[in-house]
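The C-terminal position of the sequence shown is numbered 331 in my numbering, with every residue numbered one higher than the one before it. Contents: one structure, followed by commentary.
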Amino acid sequence: MTSATPTTLSGIQPSGLQHLGNYFGAIRQHVASQSTPGEHFFFIADYHALTTIHDAETLRGHVRDLAATYLALGLDPNRAVFFRQSDVPEVTELTWLLSTVTGMGLLERAHSYKDKTAKGIKPSVGLFTYPILMAADILAYDSTVVPVGKDQVQHVEMAQDMATHFNSRFGEVFTRPEARIPDRADMAKVPGLDGQKMSKSYGNHLWIFEEGKKLKKAIGRIATDSRPPEEPKDPSTVALFDFLALFLDAGELDEWKERVRAGGEGAPGYGHLKVRLVEAMDAHFAEPRERRRALLDDPAELDRILSRGAERARERAAAVRDRAYRACGLR
Ligand code: ADP
Ligand code: TRP
Numbered sequence: 001m002t003s004a005t006p007t008t009l010s011g012i013q014p015s016g017l018q019h020l021g022n023y024f025g026a027i028r029q030h031v032a033s034q035s036t037p038g039e040h041f042f043f044i045a046d047y048h049a050l051t052t053i054h055d056a057e058t059l060r061g062h063v064r065d066l067a068a069t070y071l072a073l074g075l076d077p078n079r080a081v082f083f084r085q086s087d088v089p090e091v092t093e094l095t096w097l098l099s100t101v102t103g104m105g106l107l108e109r110a111h112s113y114k115d116k117t118a119k120g121i122k123p124s125v126g127l128f129t130y131p132i133l134m135a136a137d138i139l140a141y142d143s144t145v146v147p148v149g150k151d152q153v154q155h156v157e158m159a160q161d162m163a164t165h166f167n168s169r170f171g172e173v174f175t176r177p178e179a180r181i182p183d184r185a186d187m188a189k190v191p192g193l194d195g196q197k198m199s200k201s202y203g204n205h206l207w208i209f210e211e212g213k214k215l216k217k218a219i220g221r222i223a224t225d226s227r228p229p230e231e232p233k234d235p236s237t238v239a240l241f242d243f244l245a246l247f248l249d250a251g252e253l254d255e256w257k258e259r260v261r262a263g264g265e266g267a268p269g270y271g272h273l274k275v276r277l278v279e280a281m282d283a284h285f286a287e288p289r290e291r292r293r294a295l296l297d298d299p300a301e302l303d304r305i306l307s308r309g310a311e312r313a314r315e316r317a318a319a320v321r322d323r324a325y326r327a328c329g330l331r
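Structure representation (structure tokens):
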């Protein structure tokens, strides 16, 4: 199957508050893509979250928070179909069909599965077959473009493999998707406060909506050294610039770098750069913070938006499910 207009789809797990890595690596490009031609589907991967979250109230809270976060950061439910994964039962129907064309070896090679088991997590069958559910998410809407962070590219390639295997067995049913990663390398892999990749599981994250004293304290944790402000420095050795680059325009960024490189009297110290970073984050997220608060105060509105999205998503997924069922003899 090929479609004339692009269909963009991506999902994000409701695994807790979202950090700057999630924003620059995923959410921001999802929101930007809704202004490009074609159709757009974005969903909250609550089935996937069940592989790690085992408390009902926690999961419900995370889903609400993620919905409010996306909408506050600019996702427009009139331009993109925005929904909860578990509201589309066709996805689990397709998961079974895809599992019958997927070799055990393919799943055994999944980096994220290997990483989790290496960390000592005792795997459930659900964790093992996670890439099949993800492939069903992608293939259920005839998606052509899947914007994801680098760590998810292998899963999109697995969806390609499953589409190819199914199509070669039963005829042209599924559209082959392509992964798209952020074109700026610093956004595809945002560093954490300690310089490693930012991740909830490393405890080196900065929440998107952190503010006030807590924000200052978190930025205070960004790794620096004891060189004095007047000592000339190569800006690439100053971790703070990795963060400033995410928020400042190129002209202002270059000016700061130049002053740090030159050193001498009046050169900015690390404290100075941290103050500028707090200001830049405050300016960038001021309006979204307010919108998020308002949305969290109105859970019924969040539910309405997600239910309307689910209706539209199901229309598409049912058509693809019917096509797949017919092709393999289930109708
Ligand atoms: P975490 O590592 O904090 O648990 P997730 O694995 O839930 O984050 O990632 C959710 C989304 O955010 C994915 O699309 C992922 O690629 C992206 N992402 C996560 N961390 C980063 C990062 N440091 N830089 C860029 N993108 C990231
Ligand atoms: N596995 C993705 C993550 O952890 C979330 C996800 C689930 C997804 N289904 C998807 C992403 C389909 C893209 C397409 O970030």
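The C-beta atom is built at its ideal place from N, Cα and C for all residues, glycine as well.
Beta-carbon proximity check, ILE12 vs ALA26, cutoff 9 angstroms: Against a cut-off of 9 angstroms, the Cβ pair of ALA26 and ILE12 comes out as a contact.
When the Cα atoms are used, what is the spatial distance from LYS122 to THR175? Between LYS122 and THR175, the C-alpha separation is close to 34 angstroms.
Please state whether DSSP places ARG321 in a helix, a strand or coil. Of the three classes helix, strand and coil, the one that applies to ARG321 here is helix, per DSSP.
Please report the distance separating the alpha-carbon of ALA294 from that of TYR70. The straight-line gap separating the alpha-carbon atoms of ALA294 and TYR70 is approximately 13 angstroms.
Spatial neighbours of PRO131 within its chain, please: CB distance less than 7 angstroms, with the 5 preceding and 5 following residues excluded, ordered by chain position. Taken in chain order, the residues that qualify are LEU107, ALA110, HIS155, MET158.
Is TYR270 near the ligand TRP, with its Cβ less than 8 angstroms from a heavy atom? Not under cutoff, so the answer is no.
For HIS48, count neighbouring Cβ atoms within 10 angstroms of its own Cβ and tell me buried if that reaches 16, exposed if not. Taking a 10 Å sphere around the C-beta of HIS48, we find 16 or more other C-beta atoms and assign the residue as buried.
Confirm the yes/no value for this check: CB of ALA67, any heavy atom of the ligand TRP, distance under 8 angstroms. No, Cβ of ALA67 sits at least 8 angstroms from all heavy atoms of the ligand TRP.
In chain order, what residues of the same chain lie with their CB nearer than 6 angstroms to the CB of PHE247, ignoring the 5 residues before and after it? Closer than 6 angstroms at Cβ, skipping near neighbours: ALA280, HIS284.
Under 8 angstroms: does the beta carbon of GLN152 sit that close to some heavy atom of the ligand ADP? Correct: GLN152 has its Cβ closer than 8 angstroms to the ligand ADP.
For HIS205, which residues in the same chain have their Cβ closer than 8 angstroms to its Cβ, ignoring the five residues on either side in sequence? Counting only Cβ-Cβ distances below 8 angstroms, and skipping sequence neighbours, we find HIS19, LEU20, GLY21, GLY192, LEU193, MET198, SER199.
Please confirm whether any heavy atom of the ligand ADP lies closer than 8 angstroms to the CB of PHE42. Result no, Cβ not under 8 angstroms from the ligand ADP.
Taking only runs that begin and end inside the stretch 104 to 183, name each unbroken alpha helix (DSSP H) of 4 or more residues, in chain order. Within the stretch 104 to 183, the alpha helix (DSSP H) runs of at least 4 residues that lie entirely inside it are, in chain order, 104 to 108, 111 to 118, 125 to 128, 130 to 139, 153 to 170.
Using CA coordinates, which residue listed in GLN152, LYS150, ASP151, SER143 is at the minimum distance from ALA163? Minimum Cα distance to ALA163 is reached at SER143.
Report yes or no: do three or more beta-carbon pairs, one from the stretch 76 to 83 and one from the stretch 304 to 314, lie closer than 8 angstroms? As far as the Cβ criterion goes, the stretch 76 to 83 touches the stretch 304 to 314, which means the pair count is three or higher.
According to DSSP, is GLU287 helix, strand or coil? Collapsing the DSSP output to three states places GLU287 in a helix.
Could you compute how far the alpha carbon of LYS114 sits from the alpha carbon of LEU73? C-alpha separation (whole angstroms): 33 angstroms.
Nearest-angstrom Cβ-Cβ length linking ASP65 and LEU17, presumed shorter than 8 angstroms: That belief holds up - the Cβ atoms of ASP65 and LEU17 are roughly 7 angstroms apart, short of 8 angstroms.
Range covered by the alpha helix (DSSP H) that runs through SER99: Per DSSP, SER99 belongs to the alpha helix (DSSP H) from 90 to 99.
Out of curiosity, what's the CA-to-CA distance linking THR5 and LEU139? Straight-line Cα distance between these residues: approximately 15 angstroms.
In three-state terms, what does DSSP make of THR36? Collapsing the DSSP output to three states places THR36 in coil.
How many whole angstroms separate the CB atoms of ALA67 and ILE44, which I take to be in contact at a CB cut-off of 8 angstroms? Contact between ALA67 and ILE44 holds: CB atoms are separated by about 6 angstroms, below the 8 angstroms threshold.
Does the beta-carbon of VAL91 have 16 or more other beta-carbons within 10 angstroms, so that it is buried, or is it exposed? In this structure VAL91 is buried. Its beta-carbon is surrounded by 16 or more other beta-carbon atoms within 10 angstroms.
Could you check the C-alpha separation between HIS62 and LEU296 for me, to the nearest Å? Near 11 angstroms, if we compare the C-alpha coordinates of LEU296 and HIS62.
Sheet register partners of LEU9 (DSSP bridge): Answer by DSSP bridge pairing, in chain order: PHE41.
Distance between beta carbons of LYS274 and LEU240, contact taken as under 8 angstroms: Contact between LEU240 and LYS274 holds: CB atoms are separated by about 7 angstroms, below the 8 angstroms threshold.
So what's PRO299 in DSSP terms, helix, strand or just coil? PRO299: helix per DSSP, three-state reduction.
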